[in-house]
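Residue numbers (the numbering used here), protein chains in the order written: chain A, 1 to 219; chain B, 220 to 438. Here a beta-carbon is modelled for each residue, glycine too, at the ideal position from N, C-alpha and C. The structure appears right after this line, and notes come after that.
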DNA sequence: CTGTATTTTTGCAGTCTCTGCACTTTTGCG
DNA sequence: CGCAAAAGTGCAGAGACTGCAAAAATACAG
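Below you can see the structure in the form of structure tokens.
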């Protein structure tokens, strides 16, 4: 099984003093991720072994697993952070179009995970080349799916108490599916134009518009 | 990596004479699947080992992997068969609503994979209990995503040559996302009411309708 | 600076999944 | 029956991953 157990990844309390410990952790993470990506890009994911990565980045395999949990961990990068409970509450009570609202909080959570831009670029390249990795990533997302579904459900309960259990359930699943499905498309466009956050919302609206046109039978 | 390599699974040429060989294969498959599911339901997927399954079903581990490719193979069941090239051609030139058409051929391919009803039931139960398996299943589907995207693309090229490369690409991704996303919802409803094929199309239309309403801002 | 407590890294041994290869058994068929 | 093809099996080995305890690094007084 082990869908991915990215390990603790302790986050510092606030921002105060990074401290040597923390700085080392970050440095090491970067080093390993970079090594892993370089190797994977050069030889292909299947050929690369954890031992190779460890030798290249000079950490023990045991430490590698402490950090990343799985062989692919260093390639996939940190899992998107869970939205804060305030953000969730805001979503639950927001009254905009539900898909749009959900998409927005997901996008925020997604781009909140900072990462070395160079590493980020390599990752993109690798993902394009190896669709299997994309799938793995989706799997990790799927784990969040339940959580996401839960907050959608909450919103529906609050705003549409008239729905039956089944209706609400179906609608929840559909909303989550649409959003998670459209997400890659939007993030692709976003990455093509390194615009600002406002631009992101425009993209989101445009995508939703496209979806509407797709599901609406031609006039 | 090995997202799933379900192994050959040679299909007989037609229907003529099953032959002892074929009959044995089927028998063994059933036996192993059943054993795997029983063990997984009783002890949990993570606890069960391939060796346990093999001992319970009296095949060598090597044979197990020849049949199922991965530990989870016997739990997941056969991968949905790829739609026939005639079906694909039909889809490419069909002029109905694209999501509906795609959904229909996917549904056909999906239900074409027959399986022992008892095994089927156990599988459903297990999937409910272990969401990680669902994710694995999604991963296998994601592998088909590329293939699916390709035929959607073909249809767009034929029916909407006016679209730019990028537009077509975006639209393709969105269509595939929507369909694959909505699929579980529909199959859930379908399984709840073991209706006939015609009923399936009704469900599909209803789901698409719901999607439209979801993405359409409230009046 | 020094000594101590705490956290992190590491080595090691072991389990489990999965693969290639060679060998045996089973099945198909003339 | 006898031979050829196909399928099942055993074995050895690589690679992913885990628990545990020793070792090293870091924090933190005094």
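- Message: What residue range does the alpha helix (DSSP H) around residue 239 of chain B cover?
- Response: 238–262
- Query: Quick one, which of B/424, B/274, B/328, B/402 has its alpha-carbon nearest residue 252 of chain B's?
  - Reply: B/274
- Candidates B/256, B/381, B/373: which alpha carbon is nearest residue 352 of chain B's? B/256
- Query: Going by alpha carbons, who is nearest to residue 96 of chain A out of A/69, A/116, A/146, A/155?
  - Reply: A/155
- alpha helix (DSSP H) segment containing residue 188 of chain B, residue limits: Beyond the ends of chain B as shown, which are 220 and 438, falls residue 188 of chain B; an answer cannot be given.
- Pair every Cβ in the stretch 205–215 of chain A with every Cβ in the stretch 180–189 of chain A, then say whether three or more of these pairs are closer than 8 Å. yes
- Item | Residues that residue 146 of chain A contacts on chain B, provided the C-beta gap is smaller than 7 Å | 350
- Message: Can you check whether the C-beta of residue 253 of chain B is within less than 7 Å of a C-beta belonging to chain A?
- Response: no
- Task: Measure from the C-beta of residue 396 of chain B to each C-beta in chain A and report whether the shortest distance is under 7 Å.
- Result: yes
- I think residue 355 of chain B touches residue 295 of chain B, with their Cβ atoms under 8 Å apart; what is that distance to the nearest whole Å? 6 Å
- Starting from residue 435 of chain B, find everything on chain A with Cβ-Cβ shorter than 7 Å and list it in chain order. 212
- Item | Straight-line gap, residue 248 of chain B to residue 192 of chain A (C-alpha atoms, nearest Å) | 48 Å
- Item | Beta-carbon gap between residue 300 of chain B and residue 331 of chain B smaller than 7 Å | yes
- Message: Is the separation between the beta-carbon of residue 179 of chain A and that of residue 99 of chain A shorter than 7 Å?
- Response: yes
- residue 326 of chain B - containing alpha helix (DSSP H), residue span: 317–331
- Task: Quick one: residues in its chain with C-beta nearer than 7 Å to the C-beta of residue 221 of chain A, no 5 flanking neighbours on either side, listed in chain order?
- Result: Coverage of chain A is limited to positions 1 through 219, which leaves residue 221 of chain A absent and any answer about it impossible.
- Task: Please classify residue 245 of chain B: is it buried, with 16 or more other beta-carbons within 10 angstroms of its beta-carbon, or exposed?
- Result: exposed
- Taking Cβ to Cβ, would you say residue 269 of chain B is nearer than 7 Å to residue 283 of chain B? yes
- Task: Classify residue 44 of chain A as buried or exposed, calling it buried when 16 or more other Cβ atoms lie within 10 Å of its own Cβ.
- Result: exposed
- Task: Kindly indicate if chain A contains any beta-carbon less than 7 Å away from that of residue 406 of chain B.
- Result: no
- Please list the residues of the stretch 67–91 of chain A that have a C-beta atom closer than 7 Å to any C-beta atom in chain B, keeping them in chain order. none
- Task: Go ahead and pull the three-state DSSP assignment for residue 266 of chain B.
- Result: coil
- Item | Simplified DSSP assignment, three categories, for residue 200 of chain A | helix
- Query: Does the beta carbon of residue 423 of chain B come closer than 7 Å to any beta carbon on chain A?
  - Reply: no
- Proximal residues of chain B, C-beta to C-beta of residue 170 of chain A below 9 Å: 404, 407, 408, 426, 429
- Item | Assigned exposure category for residue 229 of chain B - 16 Cβ within 10 Å defines buried | Legend: pLDDT at residue 229 of chain B = 45, less than 50; position of this residue unreliable, no value from coordinates given.
- Item | Residues near residue 232 of chain B in its chain [Cβ-Cβ closer than 8 Å; skip 5 each side] | Since pLDDT at residue 232 of chain B reaches only 41, below the 50 mark, its modelled position is unreliable, and no value is offered.
- Task: Compare the C-alpha of residue 309 of chain B against each of B/349, B/378, B/267 and name the closest.
- Result: B/378
- Just the chain B side, please: which residues come within less than 9 Å of residue 143 of chain A by C-beta, in chain order? 350, 351, 354
- Within 7 Å (strictly less), CB to CB, does residue 318 of chain B reach chain A? yes
- Message: Could you check whether the Cβ of residue 420 of chain B sits closer than 7 Å to any Cβ belonging to chain A?
- Response: no
- Task: Output, in sequence order along the chain, the residues in the stretch 37–48 of chain A whose CB is closer than 8 Å to any CB in chain B.
- Result: 45, 46
- Message: I need the straight-line Cα distance from residue 430 of chain B to residue 19 of chain A, nearest angstrom please.
- Response: 50 Å
- Item | Reduced DSSP secondary structure (H/G/I, E/B, other) of residue 168 of chain A | helix
- Query: I think residue 280 of chain A touches residue 361 of chain B, with their Cβ atoms under 8 Å apart; what is that distance to the nearest whole Å?
  - Reply: The question about residue 280 of chain A has no answer here: the residues shown for chain A are numbered 1 through 219.
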